[in-house]
Amino acid sequence: IPRERPALEVRGLSSAGDRLDPHATRLEAIDLRVHAGEILGLAGLVGAGRTELARAIFGADAFDSGSILVDGEAVSITSPGDAIAAGIGLVPEDRKQQALFLSLAVRANLAITAIDGITGPLGLVNGRSERALVERFADKLQIRMAGPEQAIGTLSGGNQQKVVLARWLALEPKILIVDEPTRGIDVAAKAEVHQLIDELARAGMAVIVISSELPEILRLADRIVTMREGRITGEVMRADAGEERLMALMTFHEQAV
Numbered sequence: 006i007p008r009e010r011p012a013l014e015v016r017g018l019s020s021a022g023d024r025l026d027p028h029a030t031r032l033e034a035i036d037l038r039v040h041a042g043e044i045l046g047l048a049g050l051v052g053a054g055r056t057e058l059a060r061a062i063f064g065a066d067a068f069d070s071g072s073i074l075v076d077g078e079a080v081s082i083t084s085p086g087d088a089i090a091a092g093i094g095l096v097p098e099d100r101k102q103q104a105l106f107l108s109l110a111v112r113a114n115l116a117i118t119a120i121d122g123i124t125g126p127l128g129l130v131n132g133r134s135e136r137a138l139v140e141r142f143a144d145k146l147q148i149r150m151a152g153p154e155q156a157i158g159t160l161s162g163g164n165q166q167k168v169v170l171a172r173w174l175a176l177e178p179k180i181l182i183v184d185e186p187t188r189g190i191d192v193a194a195k196a197e198v199h200q201l202i203d204e205l206a207r208a209g210m211a212v213i214v215i216s217s218e219l220p221e222i223l224r225l226a227d228r229i230v231t232m233r234e235g236r237i238t239g240e241v242m243r244a245d246a247g248e249e250r251l252m253a254l255m256t257f258h259e260q261a262v
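Its first residue numbered 6, the sequence shown is counted upward by one per residue in my numbering.
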């Protein structure tokens, strides 16, 4: 894994939690980095603050202090639009509630983030470009569907997740955060999603994987950061990690570098 300037660096990020959600975890002075070509795993129990951190980096939730740097340059992220412009994408943990438009077709769900690139000078979507985009990613990710006009809600969980991933790949982000990448999908689709994440990192993307499944973290991550109650409690390389070690870091305040 290259050790040059991180693709993404978070310095001293703190938040008071979601003011609309009393159960949201406060983040306290989070320092984090991930390099191009690296898969960073975020491990923690429920309430550790992993999803809150992902949403703060992506601009979905506000944070009170700290800074975010992309390729060594500080960026101002106050909305998802800012994050996308900075090259950051987020696959959220609940695809049906937070990512998919269940009443729309596969075509519309996949192409929505790339709409600027397939819109003509009069503001109309170029149907040929849109079809080509959908077909390219449906083939690349092996999305199993009757056709691009099939309702997204009728696809299997694994194919729905592939559509969400394809949506971001169409934008070619520098950094992709994937929260619970294989929740609610079958074993075969899980293996395909794992392979895709591996391929993205090999192609030079910086990937952050959040998962409640420790075997998944250990399978994917090059380096693993553990969290508890909004704080980072440890950092270990995959070669030095195991489920017991990670569980200890997720449960107690042992520091490991």
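No residue lacks a Cβ here, since even glycine has one placed at the ideal position from N, Cα and C.
This one's a predicted model, so the numbers in the text were calculated from it and none came from an experiment.
Using C-beta distances below 7 Å, list every residue in its chain close to Glu154, excluding the 5 sequence neighbours before and after it, in chain order.
Closer than 7 Å at the Cβ level, and outside the excluded window around Glu154, lie Ala110 and Arg112.
Can you have a look at Gly239 and say buried or exposed, based on whether 16 or more other CB atoms are within 10 angstroms of its CB?
Buried, since its Cβ has 16 or more Cβ neighbours within 10 Å.
Bridge partners of Gly94, per DSSP?
Note: Gly94 sits in a beta bridge opposite Leu181.
Give every residue of the same chain whose Cβ lies closer than 6 Å to the Cβ of Leu37, excluding the five residues on either side of it in the sequence, and list them in chain order.
Only Val15 meet the Cβ criterion.
Along the chain, which unbroken stretches of the alpha helix (DSSP H) at least 4 residues long are found entirely within the region 193-262?
Listed in chain order, the complete alpha helix (DSSP H) runs (minimum 4 residues) inside the region 193-262 are 219-225 and 248-256.
Pull up the distance between the alpha-carbon of Val75 and that of Ala211, whole angstroms please.
Taking the straight line from one Cα to the other gives about 11 Å.
Touch check for the region 158-175 and the region 141-149: three-plus C-beta pairs under 8 Å?
Yes, they touch.
Write down the C-beta distance between Thr30 and Ala12 rounded to the nearest angstrom, noting that I regard them as a contact closer than 8 Å.
The Cβ separation is near 25 Å, so there is no contact.
DSSP three-state call for Arg172: helix, strand or coil?
Looking at Arg172 - three-state DSSP - the assignment turns out to be helix.
Measuring alpha carbon to alpha carbon, tell me which residue in Thr56, Ile93 and Arg55 is nearest Ile73.
Out of Thr56, Ile93 and Arg55, Ile93 has the C-alpha closest to the C-alpha of Ile73.
Using 10 angstroms around the beta-carbon of Asp2, count the other beta-carbons present and answer buried if the total reaches 16, otherwise exposed.
Missing from the structure shown is residue 2; the chain here goes from 6 to 262 and no further.
Going by DSSP, name the residue or residues bridged to Gly34.
Reading the sequence as shown, one finds Ala at residue 34 and not Gly. Beta-bridge pairing links Ala34 to no other residue.
Assuming the contact rule is C-beta atoms closer than 8 Å, Glu185 and Ser216 should be a hit. Round their C-beta distance to whole Å, please.
6 Å between Cβ atoms; contact.
Give me whichever residues DSSP pairs with Ile73 in a beta bridge.
Looking at the DSSP assignment, Ile73 forms a beta bridge with Val15 and Val80.
Going by Cα to Cα distance, which pick from Ala21, Glu57 and Ile202 is closest to Val214?
Among Ala21, Glu57 and Ile202, the Cα nearest to that of Val214 belongs to Ile202.
Alpha carbons only, please: which of Arg250, Met232 and Ala193 is nearest the one belonging to Gly49?
Comparing Cα-Cα distances from Gly49 to each of Arg250, Met232 and Ala193, the minimum goes to Met232.
Return the first residue and the last residue of the beta strand (DSSP E) that Ile44 is part of.
Its beta strand (DSSP E) spans residues Ile44 to Gly49.
Measure the CB-CB distance between Pro85 and Phe106 and report whether it falls below 7 Å.
No, they are not a contact pair.
So what does DSSP say about Ser134, is it helix, strand or coil?
Ser134 falls in the helix class under three-state DSSP.
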